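Visitor:
Residue numbers (our numbering), protein chains in the order written: chain A, 15 to 316; chain B, 15 to 316.
1) May I ask you to list, following chain order, the residues of the stretch 281-300 of chain B that have a beta carbon less than 8 angstroms from some beta carbon of chain A?
2) Between the stretch 224-253 of chain B and chain A, which residues of the former have CB atoms less than 7 angstroms from a CB of the latter, in chain order?
3) Ignoring anything shorter than 4 residues or poking outside the stretch 165-198 of chain B, list the alpha helix (DSSP H) runs there in chain order.
4) Run through chain B and tell me which residues come within less than 8 angstroms of residue 160 of chain A, C-beta to C-beta.
5) Note down, one range per segment and in chain order, each alpha helix (DSSP H) of at least 4 residues found wholly within the stretch 79-161 of chain A.
6) Given that a residue counts as buried once 16 or more other Cβ atoms are within 10 Å of its Cβ, and exposed if not, what is residue 293 of chain B?
7) Rounded to whole angstroms, what's the CA-CA distance from residue 242 of chain A to residue 123 of chain B? Just pull it up for me.
8) Can you give me the Cβ contacts of residue 56 of chain A inside the same chain, cut-off strictly under 7 angstroms, excluding the 5 residues immediately before and after it?
9) Could you spell out the range, first to last residue, of the beta strand (DSSP E) harbouring residue 216 of chain A?
10) Report the rounded CA-to-CA distance for residue 153 of chain B versus residue 205 of chain B, giving the unit in angstroms.
11) Give me, in chain order, the residues of the same chain whose beta-carbon lies closer than 6 angstroms to that of residue 60 of chain B; leave out the 5 immediate sequence neighbours on both sides.
12) DSSP state of residue 261 of chain B, grouped into three classes?
13) What are the complete alpha helix (DSSP H) segments, minimum 4 residues, inside the stretch 270-312 of chain B?
14) Please go through the stretch 33-87 of chain B and give each complete beta strand (DSSP E) segment of 3 or more residues, from N-terminal end onward.
15) Count the other CB atoms within 10 Å of the CB of residue 135 of chain A; is the residue buried (16 or more) or exposed (fewer)?
16) Express the C-alpha separation of residue 303 of chain A and residue 146 of chain A in angstroms, rounding to a whole number.
17) Taking 8 angstroms as the CB-CB cut-off, is residue 84 of chain B touching chain A?
18) Let's see if you can read the secondary structure: which residues bound the alpha helix (DSSP H) around residue 231 of chain A?
19) Should residue 128 of chain B and residue 118 of chain B be called a contact, given that it needs their Cβ atoms to be closer than 8 angstroms?
20) DSSP beta-bridge partners for residue 21 of chain B?
21) Going by DSSP, name the residue or residues bridged to residue 222 of chain B.
22) Using only CA atoms, which one of B:67, B:109, B:167, B:137 lies nearest to residue 33 of chain B?
23) Take every Cβ of the stretch 198-216 of chain A, pair it with every Cβ of the stretch 168-186 of chain A, and state whether three or more of those distances are shorter than 8 angstroms.
24) At the 8 angstroms Cβ level, is residue 152 of chain B part of the contact set with chain A, yes or no?
25) Between the alpha carbons of residue 281 of chain B and residue 106 of chain A, how many angstroms are there, rounded?
26) Using the beta-carbon of each residue, which ones in chain B are nearer than 8 angstroms to residue 24 of chain A?
27) List the residues of chain B whose Cβ lies closer than 7 angstroms to the Cβ of residue 190 of chain A, in chain order.
28) Return the CA-CA distance between residue 97 of chain B and residue 116 of chain B, expressed in angstroms with no decimal places.
29) Determine whether the Cβ of residue 101 of chain B lies closer than 8 angstroms to any Cβ atom of chain A.
30) Here's the rule: buried if 16 or more other CB atoms are within 10 angstroms of the residue's CB, otherwise exposed. What is residue 211 of chain B?
31) Nearest to residue 104 of chain A by alpha carbon, out of A:77, A:84, A:130?
Now the structure itself:
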């Protein structure tokens, strides 16, 4: 069976889209269920200024909780800069995800830095933490809410500069859900061909109902992992109207049918999506009802 | 620009999923908007017993309305049997879509006939109406709520028998939304290879969030058209829990980005989906908000 890594980002990207503060105990209760459902690589939080994103308060407690309770889980956190990276490493995390955007204006809106400054931050992070795994998030790869459609050439140039700094793992993000099949195919084919010593993940928002299709095509064209959020909870507060991640349970259903070994328990994923929906008000794009045990009890094939 | 035919089935499959009767004037008001948005091939109704499906009362009036008002539109109707075909032809329609299921038990539940009896009906329809275009709907091609996962060999056999009767156009339907990428690819590749003189359309329900992906793959593997419903309204009342068609506006967005000539006005499609949602309570699976003009005014790229 071919392997594919589903990277769960609900506790970061999903929660970040929610206005009302989610208590830390509820956050860890969701993570408990995600681990129980079989997820092993989880973006558990981000280390950002609580003024900028109050929802991420308690990042250290969440990190310590996961590190103490689940030695088999690979938790990682998003960090916008060196300060965040220091906090994440101090909390004990072995992997971090610095973020920058391909487009200047989104980078400025999102993390108040130029792309050049963000490159310097990643360089400093790489130098200060040589033993920490770094997976660089690149936002607005396919389109930017301020600059419109993005091209692949500037991406390849940015990847080259990050490669020169020593980065070998990347997540290419469709922050506002405007990617389309030919674009996803081109971006992943060219990125993986140009940087064969690197790993590429896909993070596709479901804003325009293209999340499953584009995630599928990313995997078909060289991506080794896809990021998804349980229930499809998500959005980017700095990209107006960009709501909805691709749902972990829906992608997982598709991958299982396709013959991938995901190691996930579908019923537990569905139960987790329902638990989240019952406890946290937000934008959900998953269709999990139809992959539930009750549905199968009605005679519906899996 | 490559052409692709979007076949609008909202006025039949969408409306059929709605419990409360939709007045004929509201039905034709939706059709007006669909035509105005650029749709030219529309399944406008079905000619069935009003006892079996009360929602389809007024099929003749709807047909006469469209035939009189829109000579450039190609309207067609679903018919479950010869009686329905006679009514459709009497109403003036030049194209009809007899329906049968690949699985015996769904055929019996849906139209109270064995597959053998349905073949006889299609044969009689073909013989009695040699000048009427016939596009045969085949339901439960990918899975059946009573018999589970379906295989491609019995489908090819059924296609062969229909071909021998003189049928050359088919719609392969994922009635309960259980198709997956490898299956869709195999079915369309094998069907188009085995019957090169035939046309194949795809009708994929979005029950498990695979509607866009599987419709895309059908087109990549030989389908010449896809059936969609405005707003994603839909479901099959005889397949428990099978809600949600693939949304016309979402597929149209994807196809436009891919460079297909659809001839559709996206803003008018979105307005029609909203009009329908505001006036008819049902299951909708479309994400149309994010492809609207307001969204673009917020600076979001198309």
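Yeah, the Cβ is synthetic: ideal placement off N, Cα and C, and Gly gets one too. Treat the numbers as computed from the prediction; the structure is a model and nothing was measured.
Guide: A quick look at the data gives this:
1) 299, 300
2) 224, 226, 227, 230
3) 166-179
4) 313
5) 96-104, 118-125, 129-142
6) exposed
7) 38 angstroms
8) 22, 25, 45, 48, 87, 89
9) 213-218
10) 15 angstroms
11) 26, 70, 91, 92
12) strand
13) 280-293, 307-311
14) 55-60
15) buried
16) 39 angstroms
17) no
18) 225-234
19) yes
20) B:55, B:241
21) Answer is none; residue 222 of chain B lacks a bridge partner.
22) B:67
23) yes
24) no
25) 50 angstroms
26) Within chain B, no residue comes near residue 24 of chain A; the closest Cβ sits about 16 angstroms away, beyond 8 angstroms.
27) 314
28) 21 angstroms
29) no
30) exposed
31) A:77
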